[in-house]
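Some notes on the structure that comes next.
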Amino acid sequence: MKTNKLIMSAMMALTLGGVMTSCNDFDDINNNPFTTGGDKIKPYYSLLSSIKGAQMDPYIGERLFVIEWASAARQDGEDGYNTSIGKTNDGWYGDAFRYISNWMRDANTCIRLIEEPQGTWTAHEKDFYPNLKQMARIWRVQMMAQFVDNFGPAPLNGFQGVNPEFSSEKDVYYWMLAELADAVSKINTEVAPNDTEKNNDPVFAFDAAKWKNYGISLRMRLAMRLSEADPAKAQSEFEAAVAQGSGIKTVDGTAAVQEYDGGSDWSGPMSRSWDIQSMSATMANLTTNFGGTASVDALAKYVKNTNKEEEGKENENRYAEHVKDASTYLGLKFDQHWEPNTDNPTKQLFFDGLPSKVDPRALLYYFLPGDYKNRTQTGYVAYFTNAKAPQVEKLWAKDDQNKTALATVDATYCWNGLTAGYSGDEKATTNGLVSGSDLGGYGYIGTYPALADEYRNSKNKRFFFGPWETYFLLAEAAERGWNVGTTAEAAYYAGIKASFEYNGIEDLYDAYIASEDYNRVGTSVKWSHTTEPTATSMTVKNGYTGAEETVTYEYPKAANTLYAKVAQTPALNDHLTKIITQLYIANTPYLPQENWSNHRRLGLPFWEIPTSTMSITDMKDWTKDSYKSAQSISLFVQRFKYPSSLSSSDAAGYEKAVSFLKGGVDSNLTPLWWAIGGH
């Protein structure tokens, strides 16, 4: 994979129908990226450059968004990079540091060019530029939040042409919240942009009211981040944000940017064709048997059939024969091909069919194994599907690899996820379901659901903030007893409805929210249904012999979860678990960093600890017996280490930054200030 060292200039304008860019080399990565000079022609060109860069070109999209965020957030299966077990990559962390710094730099340049104008402004610009400044401040906070929630302590006096002074996470958060409050208060919603200006804002076309709502919702998000570390500040800032306005509450108000194919900054961050992006066990556990929507109904109605020979044939017909009752059946058990040392309640199981009920959004996010007829663009992921990856795979005897098959499984339309763990696990080397026919891969795309083409082909809109998140934040705030002008229940259901509307499945909403069925980790959808799950009898089949047996299915032990460290009463099905579970699903796939952050803050939703047959060298507290005890933050990735390029270019700044970290330890397992164990 070729390293892209081009930083796109914002000296040319963008029209939404095409892109004009100029490039300059940025080869000296040892230069401190927080120091900058130079001017831009129009202030909004600099803001455009920041927005464009933050879309992520395929190079940084693969490394930051897919390999780090989506894996750390347990949206994706491991895909062989070992992110979930603490594997670090200094080069990729350096890329993230540099790219995000440049996005902040460009937003700051927009602000500086307005504060220090070059030349004379027209009468219109005198009205518009003060608004533009506030919009740039809001966007700069969005970028700063990305930085501080990745690395931790950050500089607040950067971009001044001198080495920056790093500040604590608490100081950075207080600054960001103050910035948002002030910027929102100064936006004049009566000022309209001209057509040229509109074409240079791919988020809201400089609609002042929408930018104001974005700032309000972003303030809610960041205020809630402090719920455990600084609850009084969290509440006061959240309530003050609500008092400023509604925030983003409609689908047409979603903060989103159109993707464009072509390998540029505008390409989708998940567009690299060789990235498998298979579904994780976390996602499978959360979405299986979740909600009252029959899987075949969702698939028949909302998944496009692009196979011309199949036109006129109901999708339901070909799915129906694969459906199995997820409320009574667990799947095939393979105790010789998956290690048991994890607290994943579905460990060693492979669901050999389509669950009778699956959260319908998940069936849009991930395509089923072998469901090539229903892909938006069959064969788009050329690395895998030119040959149409096979669904029938074998599980081999350990000492007789590729000679004696202990089992053969047809994974067509099956719904499973990869358990977090070491991708080089020795048991995977004989497991064709995991490693494929050649036993050389991990998360083979022929046997596990994988990210749908809609999110790979750079034709979608990448969202940064949706209305569902505003509602779920309000629901959490109300559940905490804060004064936010709504009930937790009303906001919770409004969040689900907004998510369904965004995905075009609003007519499935009523059946979905009525469900009292538990997903695989013991959570149900219906708000009033808070009965905790108990062990239940279910059916499994021996994967090697086909013998059917009844087993006692054990949900995770609430007292052993990370959530138990912050909950007054440990639970699997309380209101807060419902809220964060819904937010997690709704934010998928475009907001993995937020999903990661919520888990770091609350331990929600439930994630399994990693599994392996061998020692995990990058996670020193992990042992083969870790799953027998309560979950620990040291078993989950917490942040990015600062790259070596920072310590080499600014040793004093690096030491100051590290001094603010918990214990003064620059590790990817060190919790951030606002996270569980960080304060």
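Mind the numbering: the sequence shown is residues -21 to -1, 1 to 658 in mature numbering (1 follows the signal peptide of the UniProt record, and there is no 0), read in order.
Glycine included, every Cβ here is placed at the ideal spot set by N, Cα and C.
- Non-local beta-carbon contacts of leucine 614 in its own chain, meaning distances under 8 Å to residues more than five positions away in sequence, involve Ile588, Pro589, Met598, Asp600, Trp601 and Ser605 in chain order.
- With contacts defined by Cβ atoms closer than 8 Å, asparagine 498 and threonine 321 do not form a contacting pair.
- CA-CA distance, asparagine 410 to alanine 187, rounds to 55 Å.
- Per DSSP, the continuous beta strand (DSSP E) segment holding glutamine 237 begins and ends at 234 to 237.
- Annotated as proximal: threonine 540 and proline 549, with beta-carbon spacing under 8 Å.
- Just measuring C-alpha positions, the residue of Ser274, Gly582, Arg119 and Phe639 sitting nearest serine 206 is Gly582.
- Just so you know, the alpha carbons of leucine 43 and alanine 75 end up roughly 6 Å apart.
- Within the same chain, and ignoring the five residues on either side of alanine 490 in sequence, the residues whose Cβ sits closer than 7 Å to its Cβ are Gly271 and Thr272.
- For the options Thr168, Ser591, Glu216 and Lys189, the alpha carbon positioned closest to that of alanine 202 is the one of Glu216.
- Judged by beta-carbon spacing, serine 257 lies within the 8 Å limit of glycine 56, meaning their Cβ atoms are closer than that value.
- For threonine 261, the enclosing alpha helix (DSSP H) covers residues 260 to 266.
- DSSP, read as helix, strand or coil, puts leucine 562 in helix.
- Inclusion of phenylalanine 126 and glycine 632 in the CB contact set at 8 Å is not warranted, their separation being larger than that value.
- With fewer than 16 neighbouring CB atoms inside 10 Å of its own CB, asparagine 173 falls in the exposed class.
- Within the model, the alpha-carbon separation for leucine 452 versus serine 516 is close to 36 Å.
- Residue pairing by DSSP places arginine 200 opposite no residue, since no beta bridge is assigned to it.
- With respect to the 8 Å criterion, leucine 551 and glutamate 495 are not classified as neighbours on the basis of their beta carbons.
- When Cβ pairs closer than 8 Å are counted between the two stretches, the stretch 83 to 98 is seen not to touch the stretch 50 to 70, the count staying below three.
- Assignment of threonine 321 by DSSP, reduced to helix, strand and coil, places it in the coil class.
- When the Cα atoms are used, lysine 607 and phenylalanine 313 turn out to be separated by approximately 20 Å.
- Arginine 84 has no beta-bridge partner at all, per DSSP.
- For leucine 311, the uninterrupted beta strand (DSSP E) segment begins and ends at 308 to 312.
- Glutamine 561 and proline 428 have their alpha carbons spaced roughly 20 Å apart.
- Per DSSP, aspartate 489 is one residue of the alpha helix (DSSP H) stretching across 488 to 492.
- Assignment of threonine 531 by DSSP, reduced to helix, strand and coil, places it in the strand class.
- Residue pairing by DSSP places glycine 656 opposite no residue, since no beta bridge is assigned to it.
- If the five residues before and after threonine 449 are omitted, its C-beta is found closer than 7 Å to the C-beta atoms of Ser196, Met199, Gly226, Ile227 and Lys228, all from its own chain and listed in chain order.
- Under the three-state reduction of DSSP, tyrosine 345 is assigned to strand.
- In the displayed model, lysine 21 falls within coil according to three-state DSSP, outside both helix and strand.
- With contacts defined by Cβ atoms closer than 8 Å, glutamine 54 and asparagine 574 form a contacting pair.
- When DSSP states are grouped into helix, strand and coil, alanine 429 belongs to the strand group.
- Under the 10 Å beta carbon count, histidine 103 is surrounded by fewer than 16 other beta carbons and is classified as exposed.
- Inter-residue distance for alanine 526 and alanine 636 is about 58 Å (C-alpha atoms, whole angstroms).
- Sequence-distant partners of alanine 162 (beyond 5 residues in either direction) whose C-beta falls short of 6 Å from its own C-beta, in its chain, are Gln113, Arg116, Ile117 and Gly194.
- Residue burial is scored here from C-beta neighbours: glutamine 572 has at least 16 other C-beta atoms within 10 angstroms and is therefore classed as buried.
- For the alpha helix (DSSP H) assignment, the uninterrupted runs of no fewer than 4 residues enclosed by the stretch 565 to 630 are, from N- to C-terminal side, 571 to 581 and 623 to 628.
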